[in-house]
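Chemist: One structure coming up, written as structure tokens, with questions to follow.
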Amino acid sequence: MIRLEKRPQPSRAWSMATPLVAVLATMIFGGLLFAALGKPPVEAIRTIFWEPLFGEFSFYYRPQLLVKGAPLVLIAIGLSLGFRAGIWNIGAEGQYIMGAICGAGAGLAFYPAESFLIFPLMVVAGALGGWAWAMIPAVLKTRFGTNEILVSLMLVYVAEQFLASVSLGLLKNPEGFGFPGSRNLQAWDSAHNAELIAGTGMHWGVVAALIAVIFAYVLLNRHMTGYHIRLTGEAPRAARFAGVNPTRLVLFCLGTSGALAGLAGLFEVSGPSGQVSIDFNVGYGFTAIIVAFLGRLHPVGILLAGGLMALTYIGGDIAQSNLQLPAAAIQVFQGMLLFFLLAFDLLTNFRIAIGKPEVA
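Position 72 (the sequence shown) corresponds to 79 in the numbering used here; numbering is contiguous.
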């Protein structure tokens, strides 16, 4: 008889090993998936994880790791603060979209003026846009006791409709020959989030992601608010007795995660993407959930996990081009990572026991 038996203490070894085991299991079962699709499994896995770093054209792909990884890390850092406190923001994708819309809109209001103040204004507007969108589930939760998971998730679809609306209306390029989408921000120096060092992929979004990692580490380990976040997540009753204000904590965690997601959207729309368009969002807000858990909700772990997930994005694109793998297969491959992470994470608190349970 095989059963799960609760451990007296969570296993530190399993807690550390779970991400590595999950990645290994994803490679194995992902290879089986690719084989079922008639593609060489070893070649597919090698293409995804090897080609972007050491392949023939790695000089082009390596800078893209920063471009793809920065928004994932920025969003995941914000999500991790709430997840640690048991506050579940699943709507970062919507906050990412609203940050991009508000930031781009603030800049386009001054087009075609040239000023060094325009981009900082866009950064502030992007953060405020994401923050305001996250405040909707935060206020509803604190005032009416609604479920922040459902509200934040439903608001993603509202944000997507709003994105389509402004792409076809308010922010539509009047010189775009009728095509949906805003002006190209890459062609406007004052609003362009350009590379800081040519050829490296390093832009202000990457800098913001690194600052967020440092900020989160200091907050969680050296600040009373970070202590309240950890205490609420680990021992809610003890947190109440310690005088933690749950309303303030919900507003802080959801607001911070929304602001960081909004910043990610702004840096993306003013840099790699270049314009507000109907298909601007590519799922970074949802993928960042995988990054947060793969990094064990730890700032440094999230930084490493963001790099790994960026690798699957870039390697997946190469695999689609070289091996004709369908895009859906790459998405399933990425989803496997979260599935196995959660599955093996169970072994942190439970052990597999064989035989009949002992009767006291």
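Built from N, CA and C at the ideal position, the CB exists for glycine as well.
As the structure is a prediction and not an experimental result, all values here were calculated from the model.
#1: Check I285 in the structure and name its three-state DSSP category.
#2: Work out the CA separation of L27 and R190 for me, nearest whole Å.
#3: Along the chain, where does the alpha helix (DSSP H) that runs through L31 open and close?
#4: In its own chain, which residues sit with a C-beta less than 7 Å from the C-beta of T239, not counting the 5 before and 5 after it?
#5: What are the residues that DSSP puts in a beta bridge with F357?
#6: Determine the burial state of L280: buried for a count of at least 16 other Cβ atoms within 10 Å of its Cβ, exposed for fewer.
#7: Quick one: any contact between the region 106-114 and the region 218-232, if contact means 3 or more CB pairs under 8 Å?
#8: For a test of the three-state rule: what should DSSP assign to Q389, helix, strand or coil?
#9: Just the Cα atoms here: how many angstroms apart are G133 and A113?
#10: Once DSSP output is grouped into helix, strand and coil, what is the label at Q193?
#11: Could you check if R45 is buried or exposed, using at least 16 other CB atoms within 10 Å of its CB as the buried criterion?
#12: Taking only three categories from DSSP, how would you classify M209?
#13: So F117 is in the alpha helix (DSSP H); what residue range does that whole segment cover?
#14: Please identify the residue among I84, A32 and V130 whose C-alpha is closest to the C-alpha of I221.
#15: Considering only their Cβ atoms, is the gap separating G37 from M316 smaller than 8 Å?
#16: Just to confirm before moving on: does the CB-CB distance between P144 and L261 stay below 8 Å?
#17: What are the boundary residues of the alpha helix (DSSP H) that includes H235?
#18: Return yes when the Cβ of G101 is within less than 8 Å of the Cβ of V165, no when it is not.
#19: Alpha carbon to alpha carbon, how far is L270 from Y67? Give it in angstroms, no decimals.
#20: Between G176, L175 and N96, which lies nearest to L147 when the distance is taken from Cα to Cα?
#21: What number of angstroms, rounded off, separates the C-alpha of K13 from the C-alpha of A29?
#22: Is D420 buried or exposed, if buried means 16 or more other CB atoms sit within 10 Å of its CB?
#23: How would you call N329, buried or exposed, if buried means at least 16 neighbouring beta carbons within 10 angstroms?
#24: Quick check: what's the CA-CA separation for L40 versus F347?
#25: Using the Cβ count rule (16 or more neighbours within 10 Å means buried), how would you classify Q282?
#26: Is the Cβ-Cβ distance between G292 and A268 less than 8 Å?
#27: May I ask which residues mark the beginning and end of the alpha helix (DSSP H) holding P306?
#28: Is K75 helix, strand or coil when you go by DSSP?
#29: Within the continuous alpha helix (DSSP H) that includes T153, where are the two ends?
#30: Could you tell me if Q7 is buried or exposed, where buried requires 16 or more neighbouring beta carbons within 10 angstroms of its beta carbon?
#31: Could you compute how far the alpha carbon of E241 sits from the alpha carbon of Y234?
#32: Can you name, in chain order, every residue of its own chain whose Cβ lies under 8 Å from the Cβ of R69, other than the five neighbours on each side?
#33: Are the beta-carbon atoms of W140 and L162 separated by less than 8 Å?
#34: Shortest alpha-carbon distance to L192 belongs to which of A266, I204 and L273?
#35: Go through its chain and collect everything with a Cβ distance to A205's Cβ below 7 Å, but skip five positions before and after it.
Modeler: Per the coordinate set shown:
#1: In the structure shown, I285 sits in coil (DSSP, three-state: anything other than H, G, I, E or B).
#2: Counting only the Cα atoms, L27 lies some 43 Å from R190.
#3: First-last of the alpha helix (DSSP H) with L31: R19 to A43.
#4: Around T239: A92, G93, A246, V251 and L256.
#5: F357 is bridged to K13.
#6: Note that residue 280 is Ser in the sequence shown, not Leu. That one is buried.
#7: With a cut-off of 8 Å, the region 218-232 and the region 106-114 do not count as touching, because too few Cβ pairs lie within range.
#8: What is shown of the chain runs 8 to 367, which leaves residue 389 out entirely.
#9: When rounded, the separation of the alpha-carbon atoms in G133 and A113 is 8 Å.
#10: Reduced to three states, the DSSP call for Q193 is helix.
#11: Per the sequence shown, residue 45 should be read as Gly rather than Arg. Around the C-beta of G45, fewer than 16 other C-beta atoms lie within 10 Å, and the residue is accordingly described as exposed.
#12: Here M209 carries a coil assignment [DSSP, helix/strand/coil].
#13: Taken as a continuous stretch (DSSP letters only), F117 belongs to no alpha helix (DSSP H), as it is neither H nor E.
#14: Selection I84, A32 and V130 evaluated against I221 yields I84 as nearest (Cα-Cα).
#15: No.
#16: A contact, by the Cβ cut-off of 8 Å.
#17: Start and end: M231 to E241.
#18: Cβ distance < 8 Å, so V165 and G101 count as in contact.
#19: Taking the straight line from one Cα to the other gives about 26 Å.
#20: The shortest CA-to-CA distance from L147 to any of G176, L175 and N96 is the one to N96.
#21: CA-CA distance, K13 to A29, rounds to 21 Å.
#22: Any question about residue 420 goes unanswered here, given that the chain covers just 8 to 367.
#23: N329 comes out exposed.
#24: Taking the straight line joining both Cα atoms gives about 15 Å.
#25: By the Cβ neighbour-count rule, Q282 is buried, with 16 or more other Cβ atoms within 10 Å of its own.
#26: With contacts defined as CB atoms closer than 8 Å, G292 and A268 qualify as a contacting pair.
#27: Where P306 is concerned, the enclosing alpha helix (DSSP H) stretches over P306 to L330.
#28: Helix at K75.
#29: Where T153 is concerned, there is no enclosing alpha helix (DSSP H), given that its DSSP letter is neither H nor E.
#30: Lying before the first or after the last residue shown, residue 7 is absent from the chain, which here runs from 8 to 367.
#31: In this model, E241 and Y234 are separated by some 11 Å (Cα to Cα).
#32: Only P59, L60 and G208 meet the Cβ criterion.
#33: Yes, they are a contact pair.
#34: Scanning A266, I204 and L273 for the CA closest to the CA of L192 turns up L273.
#35: Cβ neighbours of A205 within its own chain (closer than 7 Å, five residues either side excluded): none.
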